[in-house]
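Asks:
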Amino acid sequence: MSHLAVETWTWYGLTWLVVVARMLSRRLLQGSFKKLQADDALMMFAMLCDTVLIAGMNIIARTNSNLIAPGTDLNFTAEDIAERESGSKWVLVVEQMQCAVIWSVKGCFLIMYNRLTMSLKQNLAVKIVAGYVVAGFIAMEALYFGVWCRPFSQYWAVPPDNTQCSAATNHLITNAVINISSDVMIILIPMPVFLQSQIAQKKKMILCGVFALGAFTILSAILNKYYSFNEPFGSAWTFWYIRESSTALIVANLPMTWTILRRLFNLKSFNGKSSNQRSGYPSSTSHFRSMTYSRNPQSTIRGGDHDLDPSASEEQINSGFGGIPLKIYQQHKEDRVGREATLGEL
Numbered sequence: 001m002s003h004l005a006v007e008t009w010t011w012y013g014l015t016w017l018v019v020v021a022r023m024l025s026r027r028l029l030q031g032s033f034k035k036l037q038a039d040d041a042l043m044m045f046a047m048l049c050d051t052v053l054i055a056g057m058n059i060i061a062r063t064n065s066n067l068i069a070p071g072t073d074l075n076f077t078a079e080d081i082a083e084r085e086s087g088s089k090w091v092l093v094v095e096q097m098q099c100a101v102i103w104s105v106k107g108c109f110l111i112m113y114n115r116l117t118m119s120l121k122q123n124l125a126v127k128i129v130a131g132y133v134v135a136g137f138i139a140m141e142a143l144y145f146g147v148w149c150r151p152f153s154q155y156w157a158v159p160p161d162n163t164q165c166s167a168a169t170n171h172l173i174t175n176a177v178i179n180i181s182s183d184v185m186i187i188l189i190p191m192p193v194f195l196q197s198q199i200a201q202k203k204k205m206i207l208c209g210v211f212a213l214g215a216f217t218i219l220s221a222i223l224n225k226y227y228s229f230n231e232p233f234g235s236a237w238t239f240w241y242i243r244e245s246s247t248a249l250i251v252a253n254l255p256m257t258w259t260i261l262r263r264l265f266n267l268k269s270f271n272g273k274s275s276n277q278r279s280g281y282p283s284s285t286s287h288f289r290s291m292t293y294s295r296n297p298q299s300t301i302r303g304g305d306h307d308l309d310p311s312a313s314e315e316q317i318n319s320g321f322g323g324i325p326l327k328i329y330q331q332h333k334e335d336r337v338g339r340e341a342t343l344g345e346l
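In UniProt numbering, the protein residues as written are 1 to 346.
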């Protein structure tokens, strides 16, 4: 088995382990798999794309494509051409699956952020970044399918008439700019809340580990483009493609796994409570509610604007960026209903 196969399938298994833990945690919180939310469905779509990505990457690692090294004899046999056409099609599939995984992860983060900041000033930033992410994806795909390589069949022509149909330099540059810039924006959104939180330094260090994984995802994005440009005929870029998509998936799912970890190992929360200390929650919630209303009576949203399910109260994003008490309250038609979105019930 090749080094690429070992690493890719190891990442794949680890990613599924974290995703399954996420789904079980969400099941415990929501009470039923039928109550899972949009970001949970989007994550499952991302994992389906990741499955194709992993399989496809191992195929193109041992298959030639229409990216032909200088000095190569172009007198290909019919069998050679068929192999290179097939390999080129797999390159296209892998590229699209990688984009689908990465942008699905961005979507999961933004959906989560939107829930948590619904009545906070950070919600505007979430919407702006979401608009940038969607617009960037549409522009990138429109350029890839309709501009950089025409006709589209040239993407698997052997040899192609245009190097953009094999090296895809313009697409890679576009992808790098939009992908990396939006990743930085997504990481920065929760920073103000995180920096202002009054949690122990030790606990902040744990959270910094999660942010570090996010930074590694960005580093992987940079390195996979670096090797794609500088060593297009080598294999280094394939490793970094997988590392980027896998770490992105893990980072997006880790914050959602704390509930099941607490149940299994009776871990304490960032507030010092163990998973079986349920009785302490109501009083602390009530105390916070009274503080919230007295300090900011305008923070609630009038009924009818949002029809929220009380189960959306998330111990619930549970560890999103842990240790940061973030309580968001909505008003239903007649009653003021507290919706507690706690980023610190770890």
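We put the beta carbon where it would ideally sit given N, CA and C, even for glycine.
These numbers were taken from a predicted model, which means no experiment stands behind them.
Check whether the stretch 129-145 touches the stretch 51-62, counting contact only when three or more Cβ pairs, one atom from each stretch, lie closer than 8 angstroms.
Replies: Contact between the stretch 129-145 and the stretch 51-62 is absent, because fewer than three Cβ pairs lie under 8 angstroms.
Asks: Which ranges would you report for the alpha helix (DSSP H) in the stretch 168-254 if only whole runs of at least 4 residues count?
Replies: Runs of the alpha helix (DSSP H) inside the stretch 168-254: 169-188, 191-196, 201-230, 236-253.
Asks: What do you get for S166, buried or exposed, if any count of 16 or more other CB atoms within 10 angstroms of its CB means buried?
Replies: Here residue 166 is taken as the residue at index 166 of the sequence shown, counted from 1. Buried, by the Cβ-count rule.
Asks: Rounded to a whole number of angstroms, what is the C-alpha to C-alpha distance between L74 and L67?
Replies: Within the sequence shown, residue 74 is the residue found at index 74, counting from 1. Within the sequence shown, residue 67 is the residue found at index 67, counting from 1. Cα to Cα, L74 sits roughly 12 angstroms from L67.
Asks: Which same chain residues end up closer than 7 angstroms to P159 when comparing Cβ atoms and leaving out the 5 residues on each side of it in sequence?
Replies: Within the sequence shown, numbered from 1, the residue matching residue 159 stands at position 159. Excluding positions up to five away in sequence, the list reads N66, I68, L74.
Asks: Ordered along the chain, which non-local residues of its own chain (more than five positions away) have a Cβ less than 7 angstroms from that of F45?
Replies: The residue labelled residue 45 in the question sits at position 45 within the sequence shown. Hits under 7 angstroms: S104.
Asks: Where does the unbroken alpha helix (DSSP H) through N58 begin, and where does it stop?
Replies: The sequence position of residue 58 within the sequence shown is 58, counting from 1. Per DSSP, N58 belongs to the alpha helix (DSSP H) from 38-60.
Asks: Specify the secondary structure class of L143 as computed by DSSP and reduced to three states.
Replies: Numbered from 1 along the sequence shown, position 143 holds the residue referred to as residue 143. Helix.
Asks: Do I187 and M140 have their beta-carbon atoms positioned less than 8 angstroms apart in this structure?
Replies: Along the sequence shown, read from residue 1 onward, the residue named residue 140 stands at position 140. Along the sequence shown, read from residue 1 onward, the residue named residue 187 stands at position 187. Contact: no.
Asks: In its own chain, which residues sit with a C-beta less than 6 angstroms from the C-beta of R22, not counting the 5 before and 5 after it?
Replies: To locate residue 22, count along the sequence shown from 1; it is residue 22. The residues are N253, M256, T257.
Asks: Within 10 Å of its beta-carbon, does L195 have 16 or more other beta-carbons around it, so buried, or fewer, so exposed?
Replies: Here residue 195 corresponds to residue number 195 of the sequence shown, with the count starting at 1. Exposed.
Asks: If you run the structure through DSSP and keep just helix, strand and coil, what is F76?
Replies: In the sequence shown, the residue the question calls residue 76 occupies position 76. It is coil, neither helix nor strand.
Asks: Where Y227 and S220 are concerned, what is the direct C-alpha to C-alpha distance, given to the nearest angstrom?
Replies: Stepping through the sequence shown from its first residue, residue 227 is reached at position 227. Stepping through the sequence shown from its first residue, residue 220 is reached at position 220. Spanning the two alpha carbons is a distance of roughly 11 angstroms.
Asks: Between G234 and N224, what straight-line distance do the alpha-carbon atoms span, to the nearest angstrom?
Replies: Residue 234 sits at position 234 when you count from the first residue of the sequence shown. Residue 224 sits at position 224 when you count from the first residue of the sequence shown. Approximately 11 angstroms, taken between the alpha carbons.
Asks: Compare the beta carbon distance of T247 and S25 with 8 angstroms and say whether it is the shorter of the two.
Replies: Within the sequence shown, the letter at position 247 stands for residue 247. Within the sequence shown, the letter at position 25 stands for residue 25. No, the Cβ-Cβ distance between T247 and S25 is not below 8 angstroms.
Asks: Just to confirm the assignment, what range does the alpha helix (DSSP H) spanning Y12 have?
Replies: For the purposes of this step, residue 12 is taken as residue 12 along the sequence shown, with counting starting at 1. It spans 3-30 - the alpha helix (DSSP H) in which Y12 sits, taken as one unbroken run.
Asks: Determine, for C208, whether the minimum Cβ-Cβ distance to residues of chain C falls below 8 angstroms.
Replies: Absence of chain C from the displayed structure is noted, only one protein chain being present.
Asks: Classify P190: buried if its beta carbon has 16 or more other beta carbons within 10 angstroms, exposed otherwise.
Replies: What you label residue 190 is simply residue 190 of the sequence shown in a count that begins at 1. Buried, since its Cβ has 16 or more Cβ neighbours within 10 Å.
Asks: In the structure shown, what three-state DSSP assignment does V133 receive?
Replies: To locate residue 133, count along the sequence shown from 1; it is residue 133. Residue state, collapsed to three classes: helix.
Asks: Taking the C-alpha atoms as reference points, what is the distance between N230 and Y241?
Replies: Numbered from its first residue, the sequence shown carries residue 230 at position 230. Numbered from its first residue, the sequence shown carries residue 241 at position 241. Looking at the two C-alpha atoms, the distance is approximately 15 angstroms.
Asks: Could you compute how far the alpha carbon of M1 sits from the alpha carbon of G13?
Replies: Locating residue 1 in the sequence shown gives position 1, where the first residue counts as 1. Locating residue 13 in the sequence shown gives position 13, where the first residue counts as 1. The alpha-carbon atoms of M1 and G13 are separated by roughly 16 angstroms.
Asks: Where does M97 fall in DSSP's three states?
Replies: Residue 97 sits at position 97 when you count from the first residue of the sequence shown. In the structure shown, M97 sits in a helix (DSSP, three-state: H, G or I).
Asks: Go ahead and pull the three-state DSSP assignment for S119.
Replies: Translated into positions along the sequence shown, residue 119 becomes position 119. Three-state DSSP puts S119 in coil, outside helix and strand.
Asks: Mind checking D161: buried by the 16 CB within 10 Å criterion, or exposed?
Replies: Within the sequence shown, residue 161 is the residue found at index 161, counting from 1. Its Cβ having fewer than 16 others within 10 Å, D161 is exposed.
Asks: Could you work out which residue in M185, W16, N266 is closest to Y113 when comparing CA atoms only?
Replies: The residue you call residue 113 lines up with position 113 of the sequence shown. Closest option to Y113, Cα to Cα, is M185.
Asks: How far does the alpha helix (DSSP H) with W148 in it reach, from first residue to last?
Replies: For the purposes of this step, residue 148 is identified with residue 148 of the sequence shown, where counting begins at 1. Looking at the DSSP string, W148 is not in any alpha helix (DSSP H), and its letter there is neither H nor E.
Asks: For E95 versus W156, is the C-beta spacing smaller than 8 angstroms?
Replies: Position 95 of the sequence shown, counted from the first residue, corresponds to residue 95. Position 156 of the sequence shown, counted from the first residue, corresponds to residue 156. No, Cβ-Cβ distance for E95 and W156 is not below 8 angstroms.
Asks: Taking W156 as part of the alpha helix (DSSP H), name the residues at either end of that continuous run.
Replies: Taking the sequence shown and counting its residues from 1, the one referred to as residue 156 is at position 156. Premise fails: W156 is in no alpha helix (DSSP H) and is neither H nor E.
Asks: Identify, in the order they occur along the chain, each residue of the same chain with its Cβ nearer than 7 angstroms to the Cβ of residue 368, setting aside the five sequence neighbours on each side.
Replies: Outside the modelled stretch of the chain, which goes from 1 to 346, sits residue 368, for which no answer is possible.
Asks: Which same chain residues end up closer than 7 angstroms to G214 when comparing Cβ atoms and leaving out the 5 residues on each side of it in sequence?
Replies: For this step, residue 214 is matched to residue 214 along the sequence shown. Here the set comprises I187, V251.
Asks: How would you call S284, buried or exposed, if buried means at least 16 neighbouring beta carbons within 10 angstroms?
Replies: One-based indexing of the sequence shown puts residue 284 at position 284. Unreliable placement is indicated for S284, whose pLDDT of 37 sits below 50; the coordinate value is still reported in the next sentence. Label assigned to S284: exposed.
Asks: Is the beta carbon of L249 closer than 8 angstroms to that of T77?
Replies: Sequence index remark: in the sequence shown, residue 77 carries index 77 (1-based). Sequence index remark: in the sequence shown, residue 249 carries index 249 (1-based). Going by C-beta atoms, T77 is not nearer than 8 angstroms to L249.
Asks: What residue does the alpha helix (DSSP H) around L67 start on, and which one ends it?
Replies: Position 67 of the sequence shown, counted from the first residue, corresponds to residue 67. First-last for L67: undefined, no H or E at that position.
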